[in-house]
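Undergrad: Read in order, the letters of the sequence shown are residues 58 to 411 in my numbering.
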Amino acid sequence: MDGLPGTYSEPQRASRPLHSNCLAKILVTGGAGYIGSITRYFLEKRGHSVIVVDNLLRGHREMVPEKILRVTDLRETDKLERLMKDEQIEAVVHFAAYIAVGESTQIPEQYFLNNVGGSLSLFDAMLRAGVKRIVFSSTAAAYGIPERVPITEDQPYAPINPYGDSKVMTEKILEWLDRYRGMRSIRLRYFNACGAEPEAGLGELHDPETHLLPLLIRAIQTGRPMTLFGDDYPTPDGTCIRDYIHVSDLAEAHIFAVEHLLRDRASDVFNVGTGAGHSVKEMLAAVERVTGQRVPHTIGPRREGDPPSLVADSQKLQNTLGWKPKRDDLDRIVADSWRFAQAYAERQADKIPG
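1) Report the start-end ranges of each beta strand (DSSP E) in the segment 135-201 that is 3 residues or longer and not cut off at the edges.
2) Thinking C-beta only, is M240 closer than 9 Å to L234?
3) For the structure I just gave you, are there three or more beta carbon pairs, one from the segment 302-320 and one from the segment 217-232, closer than 8 Å?
4) If we count the other Cβ atoms within 10 Å of its Cβ and call it buried at 16 or more, is Y65 buried or exposed?
5) Should A323 be labelled buried (16 or more other beta-carbon atoms within 10 Å of its own) or exposed?
6) Can you tell me where the alpha helix (DSSP H) with A310 in it begins and where it stops?
7) Decide if G205 is buried, meaning its Cβ has at least 16 other Cβ atoms within 10 Å, or exposed.
8) Going straight from the alpha carbon of M183 to that of G88, what length do you get?
9) Scan the segment 71-116 and note each continuous beta strand (DSSP E) run of 3 residues or more that stays entirely inside, going in chain order.
10) Mind checking who M226 pairs with in its DSSP beta bridge?
11) Taking the C-alpha atoms as reference points, what is the distance between R32 and A199?
12) Along the chain, where does the alpha helix (DSSP H) containing L272 start, and where does it finish?
13) Excluding the five sequence neighbours on either side, which residues of its own chain have a C-beta within less than 7 Å of the C-beta of H76, listed in chain order?
14) Just to confirm the assignment, what range does the alpha helix (DSSP H) spanning V368 have?
15) Would you check if the distance between the CB atom of F152 and the CB atom of S194 is smaller than 9 Å?
16) V149 to Q167, Cα distance in whole Å?
17) For the beta strand (DSSP E) that contains M283, what are its first and last residues?
18) Buried or exposed, going by whether 16 or more other CB atoms sit within 10 Å of the CB of V128?
19) Could you work out which residue in Y91, R185, T209 and R389 is closest to E147 when comparing CA atoms only?
20) Taking contact to mean 3 or more Cβ pairs, one atom from each stretch, closer than 8 Å, check whether the segment 274-289 and the segment 353-363 are in contact.
21) Quick one: using the 10 Å Cβ neighbour count with 16 as the cut-off for buried, is N376 buried or exposed?
22) Between D289 and the ligand ADP, is there a pair consisting of the residue's CB and a ligand heavy atom that are separated by less than 8 Å?
23) For my contact list, V391 and V347 are in at a C-beta cut-off of 8 Å; report their separation, rounded to the angstrom.
24) According to the Cβ coordinates, are I108 and E144 closer than 9 Å?
25) Could you tell me which whole beta strand (DSSP E) segments of length 3 or greater appear in the segment 341-406?
26) Using alpha carbons as the reference points, say which of W380, P122 and I92 lies closest to S106.
27) Taking the C-alpha atoms as reference points, what is the distance between L367 and E133?
28) What are the start and end residues of each continuous beta strand (DSSP E) run of 3 or more residues lying completely inside the segment 210-255, in chain order?
29) In the DSSP output, which residue or residues are listed as bridge partners for H263?
30) For A398 versus I274, is the C-beta spacing smaller than 9 Å?
31) The beta strand (DSSP E) spanning D325 covers which residue range?
32) Once you ignore the five residues that flank R73 on each side, which residues in its own chain have a CB closer than 8 Å to its CB?
33) Under 9 Å, do R384 and D393 count as touching if we go by C-beta distance?
34) Can you tell me the Cβ-Cβ gap for K338 and D294, rounded? I've got them flagged as a contact below 8 Å.
35) Whole angstroms is fine: what's the gap from P207's alpha carbon to G174's?
36) For L80, which residues from the same chain have a beta carbon less than 6 Å from its beta carbon, with the 5 sequence-adjacent residues on both sides left out?
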């Protein structure tokens, strides 16, 4: 049965999970957030045991069952070490981070303190506890303005904002820890995650919201126009092109990655996207098509640093780990987000007295 948005739905565990010899006790940092909560759901459905660490400053307590939630900040190194030893953690999936590009230009020091400093504390605790496998949530922002599209993993680091640079710094730290401390990592560079997981009742709940699809849906729900930034890019319709990947496909990529490490495979880095680009106007049209409603919007100036096109080449991930996107139809992505947003709005309305 589908869970309600904002509530945890106990996953139906696979009766005979593939690679059953790879089942493990896994720590998920940032597991009360959007991608982290859905990845936690798929890990449990797969048969893994999960402990979630989240400080709940930006995560949502209701997205995680209380019995596996540990409200802890990543900079509490000693506490993390004890937790990993007590729970006999075998691998970590690391999501916890600040993720808003615009905000990172306003408070860059907080992004480096949280994203890099928090990660260093986590890595220190892992080494003390003898945990040497980690899947790291990185970003396509590591590439900045790409040299060519689709983007392959061999393109150089070229971040153009503090958020992207904080992820690059963390990737580099992991490379050094692999070389000198034997900590193996899979770094996953995401493109544009969107959609919702209907079976679990989990979806996107950022505050403030900065992602395109939930903003388009919110414009319908509130009747307040949203701004599309720029319609004069060198693209077919003048708006930016992005690679939109369903969050459940992205979550499943983490399952492939952590099981790769549990088989004692080498560290690596992979792009995670569909390989297909859609423009802002194409996404807007899909929202109007799926919902049957007009999206109120205005056209504003370009945002500084927005590349005309960001599309992943994920062939390396497909060839190495066997992962493939299964939910890459744009209307499917929109429909899942729309159902989640409607159900969540109804649930919030039910909380209002009278």
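Yeah, the Cβ is synthetic: ideal placement off N, Cα and C, and Gly gets one too.
TA: With the given structure in hand:
1) 148-151 and 190-196
2) Sequence index remark: in the sequence shown, residue 234 carries index 177 (1-based). Sequence index remark: in the sequence shown, residue 240 carries index 183 (1-based). Yes.
3) no
4) Reading the sequence shown from its first residue, position 8 is the one you call residue 65. In this predicted model, Y65 has a pLDDT of only 42, less than 50, meaning its place in the structure is not dependable enough to derive any value.
5) Walking along the sequence shown from the start, residue 323 turns up at place 266. Exposed, by the Cβ-count rule.
6) As a position in the sequence shown, residue 310 is number 253, starting the count at 1. Note, A310: alpha helix (DSSP H), V304 to L319.
7) The residue labelled residue 205 in the question sits at position 148 within the sequence shown. It is Arg, not Gly, that sits at residue 205 in the sequence shown. It counts as exposed.
8) Here residue 183 is taken as the residue at index 126 of the sequence shown, counted from 1. Here residue 88 is taken as the residue at index 31 of the sequence shown, counted from 1. So the alpha carbons of these two residues sit roughly 17 Å apart.
9) 82-86 and 106-111
10) Residue mapping note: residue 226 aligns to position 169 of the sequence shown, counting from 1. According to DSSP, M226 bridges with nothing at all.
11) As shown, the chain starts at 58 and ends at 411. That puts residue 32 outside it, with no answer to give.
12) On the sequence shown, position 215 is the one that residue 272 refers to. Counting along the chain, the alpha helix (DSSP H) containing L272 begins and ends at L269 to T279.
13) Locating residue 76 in the sequence shown gives position 19, where the first residue counts as 1. A caution first: H76 carries a pLDDT of 43, below 50, which makes its placement in the model unreliable, though a value can still be read off. Around H76: E316.
14) Within the sequence shown, numbered from 1, the residue matching residue 368 stands at position 311. No alpha helix (DSSP H) contains V368, which DSSP labels as neither H nor E.
15) Indexing the sequence shown from 1 puts residue 152 at position 95. Indexing the sequence shown from 1 puts residue 194 at position 137. For F152 and S194, yes; Cβs fall inside 9 Å.
16) As a first step, residue 149 is located in the sequence shown; it is residue number 92 there, counting from the start. As a first step, residue 167 is located in the sequence shown; it is residue number 110 there, counting from the start. Straight-line measurement puts the Cα of Q167 at about 23 Å from the Cα of V149.
17) Translated into the one-based positions of the sequence shown, residue 283 becomes position 226. Element bounds for M283: M283 to F286.
18) As a first step, residue 128 is located in the sequence shown; it is residue number 71 there, counting from the start. Under this definition V128 is an exposed residue.
19) For the purposes of this step, residue 147 is taken as the residue at position 90 of the sequence shown. Per the Cα distances, R185.
20) yes
21) The residue given as residue 376 occupies position 319 in the sequence shown. So N376 ends up on the exposed side.
22) Of ligands this structure carries none, so the ligand ADP is not represented either.
23) Along the sequence shown, read from residue 1 onward, the residue named residue 391 stands at position 334. Along the sequence shown, read from residue 1 onward, the residue named residue 347 stands at position 290. Right, their Cβ atoms sit about 4 Å apart.
24) Reading the sequence shown from its first residue, position 51 is the one you call residue 108. Reading the sequence shown from its first residue, position 87 is the one you call residue 144. Going by C-beta atoms, I108 is nearer than 9 Å to E144.
25) 354-357
26) On the sequence shown, residue 106 is found 49 positions in, with the first residue counted as 1. Of the candidates W380, P122 and I92, P122 places its Cα closest to the Cα of S106.
27) Here residue 367 corresponds to residue number 310 of the sequence shown, with the count starting at 1. Here residue 133 corresponds to residue number 76 of the sequence shown, with the count starting at 1. Their Cα atoms are separated by approximately 36 Å.
28) 241-247 and 249-251
29) Counting from 1 along the sequence shown, the entry for residue 263 is found at position 206. H263 is not bridged to any residue.
30) The residue labelled residue 398 in the question sits at position 341 within the sequence shown. The residue labelled residue 274 in the question sits at position 217 within the sequence shown. Against a cut-off of 9 Å, the Cβ pair of I274 and A398 comes out as a contact.
31) Position 268 of the sequence shown, counted from the first residue, corresponds to residue 325. Start and end: D325 to V329.
32) Taking the sequence shown and counting its residues from 1, one reaches residue 73 at position 16. Low confidence applies here, because R73 scores a pLDDT of 34, under 50, leaving its location unreliable and the question unanswered by this model.
33) Taking the first residue of the sequence shown as 1, we reach residue 384 at position 327. Taking the first residue of the sequence shown as 1, we reach residue 393 at position 336. With contacts defined as CB atoms closer than 9 Å, R384 and D393 qualify as a contacting pair.
34) Within the sequence shown, residue 338 is the residue found at index 281, counting from 1. Within the sequence shown, residue 294 is the residue found at index 237, counting from 1. Contact flag correct, Cβ pair sits at about 5 Å.
35) The residue given as residue 207 occupies position 150 in the sequence shown. The residue given as residue 174 occupies position 117 in the sequence shown. Using only the alpha carbons, I get a separation of about 32 Å.
36) For this step, residue 80 is matched to residue 23 along the sequence shown. Setting aside the 5 residues that flank it on each side, L80 is surrounded in the same chain by G104 and H105, each with a C-beta closer than 6 Å to its C-beta; the list follows chain order.
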